[in-house]
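Under the numbering used here, the first residue of the sequence shown carries the number 50, and numbering increases by one thereafter.
Since the structure comes first, as structure tokens, the remarks are kept for the end.
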Amino acid sequence: EALKVFNMAPQNAEVIYWKAFLENKPIDIQRINPDLALPFRAETKDVLEAHIKTNSDWLLKYHLALIWWSRNNINNAKTLFTQCGNEPNYAPFYATKANLYEADAENNLQKALSLDSTKWRYTKLLAEYYVNHNAYDKALALAEPFYKRNPDNYIMGMLYAKTLLLNKKYAAGDALLTKINIIPFEGATDGRGLYHEAKLMQAIEQIKNKQYKKALQFVEAAKIWPVNLGVGKPYQEDIDERLEGWLSYICYTKQN
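Put into structure tokens, the structure is as follows:
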């Protein structure tokens with residue numbers, strides 16, 4: 050009866066594993082598309098462990114590792130990932146491994162990107178790794194060419210803008226943010242936050258150059274909430290403009 054149900058189900062990895070287990074047959078790994086497979090049920094652990102006794106393919110160990118990891122058994126997950134070695138020719142494997150082995154995250158993310166440079170996620174993960182480790186120039190070198198090849202990808206556009214600001218290229222970041230169209234979603238304030246930073250940092254640059262009138266223009270622009278950045282303007286009483294007020298005060302006092 051179980052086999053009848055499985056035969057009616059979409060033939061994804063978990064179904065294939067269970068059918069082979071119930072029929073006591075070897076698994077045809079070539080039938081499994083890893084992109085559509087994410088076994089997670091605790092019961093499937095026993096099925097995978099039974100298969101691994103007669104089949105050493107990395108995909109079985111990878112999927113079993115994911116189940117152990119989801120149950121917070123990091124040691125078992127790491128053991129299985131280690132057993133896979135460098136056999137997988139599959140980018141998500143290395144992206145996942147980078148999240149499990151922080152000490153070797155850069156190498157694993159580079160491996161994932163080398164296997165699939167077309168998907169934005171691997172470029173984003175590696176660039177964010179560099180941002181988190183203060184390697185801002187490396188992050189910019191990744192984000193810039195990818196976004197220029199894919200100008201409709203606003204997620205990478207935001208990351209590109211962020212790396213520009215981190216590399217103190219405030220005018221370039223500001224110009225980029227005028228062209229990005231961020232799809233609104235709940236809590237989507239990052240784009241406007243980057244815009245705010247770009248304007249105020251340019252104001253500070255002008256203050257350092259004693260160009261106070263230009264600085265005031267940037268300060269006023271920082272108060273704007275552009276519609277293309279994915280977030281509406283809050284009620285005025287909910288907006289904190291003390292920083293703008295302080296910079297304006299500096300400019301006015303310098304001009305007497």
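Glycine included, C-beta positions come from ideal geometry on N, C-alpha and C.
Bear in mind the structure is a predicted one, so any value in this text is a computation, not a measurement.
Pull up the distance between the alpha-carbon of residue i and that of residue j, whole angstroms please.
i, j, result
"E246", "L87", "40 Å"
"R291", "G206", "29 Å"
"K146", "W117", "14 Å"
"E136", "W107", "7 Å"
"A144", "L174", "8 Å"
"I65", "R90", "14 Å"
"D153", "Q159", "10 Å"
"Y179", "I256", "31 Å"
"F142", "I81", "15 Å"
"L226", "Q260", "24 Å"
"G294", "L162", "45 Å"
"I253", "L296", "8 Å"
"K303", "S166", "51 Å"
Do residue j and residue i count as a contact pair if the criterion is CB distance below 8 Å?
i, j, result
"L208", "A184", "no"
"T212", "A237", "no"
"G240", "L278", "yes"
"D353", "N216", "Only positions 50 to 305 of the chain appear in this structure, which leaves residue 353 out of reach."
"Y203", "N230", "yes"
Rounded to whole angstroms, how far is the Cβ of residue i from the Cβ of residue j, which I believe are closer than 8 Å?
i, j, result
"L113", "L97", "4 Å"
"A99", "F130", "That pair is no contact at about 20 Å."
"A220", "K248", "Actually they do not touch by this definition, with Cβ atoms about 10 Å apart."
"Y150", "C133", "No, Y150 and C133 are not in contact; Cβ-Cβ is about 12 Å, not under 8 Å."
"K263", "W274", "Contact doesn't hold; Cβ gap of about 22 Å is too wide."
"L164", "A190", "19 Å between Cβ atoms; not a contact."
Compare the C-beta of residue i with all C-beta atoms of chain C and state if any pair is closer than 8 Å.
i, result
"N202", "In the displayed structure, chain C is absent; only one protein chain is listed."
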